[in-house]
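Asker: Supplied in structure tokens, the structure appears directly below.
There are 2 protein chains.
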Amino acid sequence: MKLNAIENELLKNIADLHKIPSGAVNIRKNGEGIIRHSSANIEVRPKTDKPGIDVIIAPGTKNEAVHIPVLITMSGVVDVVYNTIIIGEGADVTVVAGCGIHNPGSKKSQHDGIHEIIVKKGAKMRYLEKHYGEGEGSGERVLNPQTLVMMEQDSMAEMELVQIKGVDSTVRDTKAKLAEGASLIITERLLTHQNQEAVSDMTIELNGRGSNAKVVSRSVAKDNSKQVFRPIVIARASSKGHVECDSIIMDQGKISSTPAITAEHPDAQLTHEAAIGRIAEEQLLKLMTLGLSEEEAEDVILRGFLQ
Amino acid sequence: MKLNAIENELLKNIADLHKIPSGAVNIRKNGEGIIRHSSANIEVRPKTDKPGIDVIIAPGTKNEAVHIPVLITMSGVVDVVYNTIIIGEGADVTVVAGCGIHNPGSKKSQHDGIHEIIVKKGAKMRYLEKHYGEGEGSGERVLNPQTLVMMEQDSMAEMELVQIKGVDSTVRDTKAKLAEGASLIITERLLTHQNQEAVSDMTIELNGRGSNAKVVSRSVAKDNSKQVFRPIVIARASSKGHVECDSIIMDQGKISSTPAITAEHPDAQLTHEAAIGRIAEEQLLKLMTLGLSEEEAEDVILRGFLQ
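Protein chains in written order, with numbering that gives the first Met the number 0: chain H, 0 to 306; chain S, 0 to 306.
See the structure below:
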């Protein structure tokens, strides 16, 4: 199975893949699995009751990765997929998801990825999900990821959720439930431009003693784009939670940020902070005195901010 | 007109008054105005269409105060009152509101104070509102203040909203709309204990260029009490807004904090921060080594925190 130039370009953008990886992999294109491999420790198998796959990672699997990117290259595709990922006890793995849409036509193309992830006792997961849209057509590029992460005792997860650019509309819904001693870090980075709209809902439940979660969200709204952030952290046990939202608005961009922290246990420690503003004038001027144009200077600053 | 011992005690708690003040005043008791005076610059007159008063402060009035406390000393009173306060152009005055309920019986006693305040061009207002409940009866003590502040060009307001203790249920709704150059500081301090519930909604609209608002909220939830904070700041112009919520939970207290900041203008600068946690152990131990009991040490820390 060979991919064409557009498909390779999408794969590079969303999964940093320059070729089809050798290990466990599932590549889905326009609503169908086109490439699927399991490895010795990571089983990738299609679901029998609905579209999507089960990824079963054997207990104790270390330093392996599984890639499950989704490509959409046609106009008018609406693809809904259900994936279940089970990280076995004591495993330490990387999951690379993500979706790239190249919409060449005038009809909407949409991907709704519904993920359920179970991180078993003592397991460690790194999760990367990049979203990207492009295409010469006027058709909308829509991505609505739903992710539920169940974290068992003493498990760890680091999730990096990135919307690079070109996504016209997104409603992101991320939920995590943490048992005793579980630890979660979510980093979200979002760029919207033109008339794009992005909504990010996050609900993190600190249910177990000693659990802790940190959410860092950085976003940029350019042109006429709009963003809404609603991260929620609920502490039901002696636990720690921190939410941080930093946003830059440019042009006529609009951003609304509503982190909610709820302490239902006297030993819960919850904090959040948020800031919305424009690029600092001094920073811009400093770069411009070095010879950059205003646009180049902005670009450097935004890249740094979203790094 | 003389007040009895209970009434004097309530007045002292909610308005720091040891006697009936000499200037402009309106004291409302159990649903009726019992004492009313105007001064040369401050007119206090009953509304003709509904319960409540109009307080009209002449333009340019300086260093004067008006006291409009409300007392409820009976069980089973539900008192709804509409007050309009107009601070004339260039005036600089203090408004002392507040409500004290002494509920001796088993029926609910409730006061809903609905305030509309207009701070005219260039005027300055200091506003104090304290809420307090007591009484040997089992009847609930309920206080639901609604306050709308319209701030004209270059006006200033400093509002101190305090719930001392003894209020079983409160839903506080504070709204402010700021025109060009207007400046608002709101300080809220709330203590709940036993099974008390408190909800505080705040909506601040930064509509004018150069307007700015700061909200500082400090609260303590003891025993089984519950608190919900929902401050919202919306910036529609080049303006600044900052929201800060600090909370201490003790025993089985629960606190939820959801500040929302919405930037609808590229030159808006909005920030918020919140923290919920228990009293720092070191602070407690330090005071206890000085000879205080645990209870006394807690009391000292809470007083400092709510100062």
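A virtual CB, placed ideally from N, CA and C, is assigned to each residue, including glycine.
#1: Measure how close the beta-carbons of H:TYR157 and H:GLY121 come, nearest whole angstrom, since I'm counting them as under 8 angstroms.
#2: Whole angstroms are fine: how far does the CA of H:ASN223 sit from the CA of H:ASP250?
#3: Excluding the 5 residues preceding and the 5 following S:THR146 in the sequence, name in chain order all residues of the same chain whose CB lies nearer than 6 angstroms to its CB.
#4: Looking at the structure shown, is H:ASP222 part of a helix, part of a strand, or coil, going by DSSP?
#5: Interface residues of chain S around H:GLU263 at Cβ under 7 angstroms?
#6: When the cut-off is 8 angstroms and only beta carbons count, does H:ARG277 lie next to chain S?
#7: Given that a residue counts as buried once 16 or more other Cβ atoms are within 10 Å of its Cβ, and exposed if not, what is H:SER105?
#8: Does any CB atom of chain H fall closer than 8 angstroms to the CB of S:ALA259?
#9: Could you spell out the range, first to last residue, of the alpha helix (DSSP H) harbouring H:LEU305?
#10: Taking DSSP as the reference, what is the three-state secondary structure of H:ILE185?
#11: Just how far apart, CA to CA, sit H:GLU6 and S:ASP200?
#12: Check whether the Cβ atoms of S:ASN82 and S:THR60 sit closer than 8 angstroms, and answer yes or no.
#13: Quick check on S:GLU297: buried or exposed, where buried means 16 or more other Cβ atoms within 10 Å of its Cβ?
#14: For H:GLY136, which residues from the same chain have a beta carbon less than 6 angstroms from its beta carbon, with the 5 sequence-adjacent residues on both sides left out?
#15: Just checking: is the beta-carbon of S:GLN268 within a distance shorter than 8 angstroms of some beta-carbon in chain H?
#16: How about the segment 203-223 of chain S and the segment 175-190 of chain S: do they share at least three Cβ pairs that are nearer than 8 angstroms?
#17: Of the choices S:PRO230, S:GLU243 and S:PRO265, whose alpha-carbon is the least far from that of H:ILE247?
#18: Report the three-state DSSP secondary structure of S:ASN25 (helix, strand or coil).
#19: For H:VAL77, is the classification buried or exposed, using 16 other Cβ atoms within 10 angstroms of its Cβ as the cut-off for buried?
#20: Where do the ends of the beta strand (DSSP E) carrying S:THR83 lie?
#21: Counting C-beta neighbours from all protein chains within 10 Å, is the total for H:ALA90 16 or more, i.e. buried, or is it exposed?
#22: What would DSSP say about S:GLU335, mapped onto helix, strand or coil?
#23: As a quick exercise: from S:HIS36, S:LYS107 and S:GLY32, pick the residue whose alpha carbon is nearest that of S:VAL307.
#24: For H:MET155, collect the residues of the same chain with a Cβ closer than 8 angstroms to its Cβ; drop the 5 residues on either side in sequence, then sort them by chain order.
#25: What are the boundary residues of the alpha helix (DSSP H) that includes S:ASN143?
#26: Using a C-beta cutoff of 8 angstroms, does H:SER108 count as contacting chain S?
#27: Should H:GLU311 go down as buried or exposed, given a rule of 16 or more other Cβ atoms within 10 Å for buried?
#28: Within 10 angstroms of the Cβ of H:SER21, are there 16 or more other Cβ atoms? Answer buried if so, exposed if not.
#29: Which residues in chain H have a C-beta closer than 8 angstroms to the C-beta of S:GLU281? List them in chain order.
#30: So, under 8 angstroms CB-CB, S:LEU190 and S:VAL170 are touching, yes? Tell me the CB distance rounded to an integer number of Å.
#31: Using only the alpha-carbon positions, how far apart do H:LYS49 and H:ILE185 sit?
#32: May I ask you to report which of helix, strand or coil DSSP gives H:MET201?
#33: Per DSSP, S:HIS230 forms a beta bridge with which residues?
#34: For the alpha helix (DSSP H) that contains H:GLU8, what are its first and last residues?
#35: Rounded to the nearest angstrom, what separates H:SER256 and S:ALA273 at their Cα positions?
#36: Mind reading off the beta-carbon distance from H:ILE337 to H:ILE254? Whole number of angstroms is fine, and I expect it under 8 angstroms.
Answerer: Working from what's here:
#1: It is worth fixing the name first, because residue 157 of chain H is Glu in this sequence and not Tyr. Actually they are not in contact, since the Cβ atoms of H:GLU157 and H:GLY121 sit about 15 angstroms apart, beyond 8 angstroms.
#2: 7 angstroms
#3: HIS114 and THR173
#4: coil
#5: LYS253
#6: yes
#7: exposed
#8: yes
#9: 293-305
#10: The answer is strand: DSSP assigns H:ILE185 an E or B state.
#11: Rounded to the nearest angstrom, the two C-alpha atoms are 50 angstroms apart.
#12: Taking 8 angstroms as the cut-off, the Cβ atoms of S:ASN82 and S:THR60 do not count as close.
#13: buried
#14: SER74, ASN102, PRO103, GLY104 and SER105
#15: yes
#16: Yes, they touch.
#17: S:PRO265
#18: In the structure shown, S:ASN25 sits in a strand (DSSP, three-state: E or B).
#19: exposed
#20: Its beta strand (DSSP E) spans residues 77-86.
#21: buried
#22: Given a span of 0 to 306 for chain S in the structure shown, any question on residue 335 of chain S remains unanswerable.
#23: In the structure as shown, chain S begins at 0 and stops at 306. Residue 307 of chain S is therefore absent and cannot be evaluated.
#24: VAL118, ALA122, LYS123, MET124, ALA181, SER182 and LEU183
#25: For S:ASN143, no alpha helix (DSSP H) encloses it, and the DSSP letter there is neither H nor E.
#26: no
#27: Not covered by the structure: residue 311 of chain H. The range shown for chain H is 0 to 306.
#28: When all chains shown are included, H:SER21 counts as exposed.
#29: Going along chain H, no residue has its Cβ under 8 angstroms from S:GLU281, so there is no contact; the nearest lies around 14 angstroms.
#30: Actually they are not in contact, since the Cβ atoms of S:LEU190 and S:VAL170 sit about 16 angstroms apart, beyond 8 angstroms.
#31: 28 angstroms
#32: strand
#33: This sequence places Pro at residue 230 of chain S; His is not what is there. Per DSSP, S:MET201.
#34: 4-14
#35: Distance between the alpha carbons of H:SER256 and S:ALA273 is about 13 angstroms.
#36: As displayed, chain H neither begins before 0 nor continues past 306, which places residue 337 of chain H out of reach and without an answer.
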